[in-house]
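According to the working numbering, the sequence shown is numbered sequentially starting from 15. From the three backbone atoms N, C-alpha and C, an ideal C-beta is built for every residue, glycine too. Just below is one structure, and these are the notes that go with it.
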Amino acid sequence: MRIETSVTRLLGVALPIVQAGMSWASSDAALPLAVSRAGGLGVIAAGPMRLHDLERTIDEVRAGTDKPFAVNLPLYRKGADEVMDLLAAKRVPILIASQGGPRRYLDRFHDVGTTCLHVVAGTEHAAKAVDAGVDGLVVVGGEAGGHPPASLVSTLIITRAVVRAVRGTPVIASGGFADGAGLAAALALGAGATQFGTRFLASHEAAVHSSYKEAVLRAGIADSRTVGRDLGMIRALANPFTDRMTELENTGADLEQRRVEFSKATLRAAALDGDTADGKLEAGQSAGLIDSVLPVCEIVRNLIEEYRTARRALPEIRD
């Protein structure tokens with residue numbers, strides 16, 4: 015199966031399906047390897063990884079497939095320069111960088127043949143990244159889990175705005191996608207691929223606790239919350255932690271009081287320990303469209319069949 019777009023040509027993948035780099039969920043080889051084998055782009059999440067674990071994971075993915083894969087690096091993470099040293103030495107095929115400026119890394123990775131994608135959340139940053147020389151963009155809308163844009167502008171609007179602002183640059187749309195109809199919608203907006211996060215979180219290969227996956231299945235489309243403004247805002251499934259944060263924010267608690275509460279909860283506790291009450295259950299609004307935990311190969315197959323169905327259902331223009 016192949017769907018050829020500007021993004022698949024750039025990345026050398028068969029399908030315009032990108033797995034989001036999700037801390038812990040794709041911080042080992044299983045999930046990114048499965049997605050790349052299925053024809054999409056698997057992404058290792060380097061954010062929480064120690065250097066030797068990251069190096070081992072890169073080697074495992076390389077040993078498991080000859081297809082492209084990526085590493086996602088939040089540039090604000092502690093030791094980001096050492097991580098970049100490792101990624102450049104390993105000559106990773108694709109880098110997806112976020113939370114920082116692209117001029118910091120572009121030359122060194124282009125010199126070793128790495129394709130560089132940059133995560134943006136608006137037209138101004140998109141234009142600056144393109145001017146700096148990035149090869150493509152990941153555009154994140156307000157529906158996304160993890161770290162959506164502070165503006166919370168929807169993916170529908172932000173994707174179209176960025177596509178119009180940087181004509182000719184390959185764009186990957188991210189936020190709110192869970193099925194093949196969403197993929198069709200993203201391509202109709204002018205994107206060349208869709209990034210799926212929460213859908214792949216609810217997979218057999220995602221390295222998170224079963225309680226986390228079950229929380230995704232229980233969630234409706236209105237069951238996520240954005241909390242932590244001025245602290246690195248996240249979108250997470252509603253639970254006692256988000257209730258406490260919402261109360262503090264709504265009652266005007268000072269920044270330090272909110273920081274203490276925000277810092278006590280961690281994504282690690284949810285992902286590895288299954289703490290669904292006090293952990294950060296980061297997930298997008300698309301959780302409400304997901305009702306099963308499946309193997310990656312089946313998820314990808316379903317996405318393509320749903321995409322075909324969505325295309326066939328569109329009415330023809332009649333003169």
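- L101 sits close to L109, with the two beta carbons spaced by under 8 Å.
- Exposure of E138 is indicated by the presence of fewer than 16 other C-beta atoms within 10 angstroms of its C-beta.
- Each residue's CA atom was taken as its position, placing L201 and L328 some 14 Å apart.
- Measuring C-alpha to C-alpha distances from I58 to each of R51, S37, A77 and L89 identifies S37 as the nearest.
- Put simply, of H161, G242 and E157 the residue whose alpha carbon is nearest the alpha carbon of R273 is G242.
- Along the stretch 171-195, the beta strand (DSSP E) occurs as fully enclosed runs of 3 or more residues at 185-188, listed in sequence order.
- In the assembly as shown, H66 is an exposed residue. Its beta-carbon has fewer than 16 other beta-carbons within 10 Å.
- Here the alpha carbons of S188 and V126 stand approximately 27 Å from one another.
- Annotated three-state conformation of Q209 is strand, per DSSP.
- Across the structure, D73 and L262 are spaced so that their CA atoms are roughly 45 Å apart.
- Distance between A28 and E157, taken at the CA atoms: about 26 Å.
- Between V75 and L45, the C-beta gap is not smaller than 8 Å, which leaves the two residues out of contact.
- In this structure, R249 places its C-beta atom within 8 Å of the C-beta atom of T240.
- Counting along the chain, R70 sits inside the alpha helix (DSSP H) bounded by residues L65 to G78.
- With fewer than 16 neighbouring CB atoms inside 10 Å of its own CB, N264 falls in the exposed class.
- Taking a cut-off of 8 Å on C-beta distances, the stretch 276-286 does not touch the stretch 148-157, as fewer than three cross pairs fall below it.
- When Cβ pairs closer than 8 Å are counted between the two stretches, the stretch 176-186 is seen to touch the stretch 202-216, the count reaching three or more.
- Non-local C-beta neighbours of L24 in its own chain, meaning closer than 7 Å and more than five positions away in sequence, comprise T129, D149, G150 and P184, ordered along the chain.
- Spanning the alpha carbons of L55 and D333 requires a straight line of approximately 40 Å.
- Ranked by how close their Cα comes to the Cα of A252, the residues G246, L245 and D237 have D237 in first place.
- Minimum Cα-Cα distance from G93 among the listed residues G302, V106, M63 and R117 corresponds to M63.
- Taking the C-beta atoms as reference points, A39 is found nearer than 8 Å to L215.
- Classified as exposed, L231 has fewer than 16 neighbouring CB atoms from the shown chains inside 10 Å of its CB.
- Under the three-state reduction of DSSP output, A202 falls in the helix class.
- Just so you know, the alpha carbons of D268 and D257 end up roughly 17 Å apart.
- DSSP, reduced to helix, strand and coil, places E228 within a helical segment of the structure shown.
- The closest CA to that of D292, considering only H124, G26 and K278, is found on K278.
- Contact between Q113 and G190 fails: their C-beta atoms lie close to 21 Å from each other, not under 8 Å.
- Per DSSP, the unbroken alpha helix (DSSP H) holding N264 starts and ends at P254 to N264.
- Distance from the CA of D244 to the CA of M15, rounded to the nearest whole angstrom, comes to 44 Å.
- Closest in C-alpha terms to V222, from the list E296, R174 and G194, comes E296.
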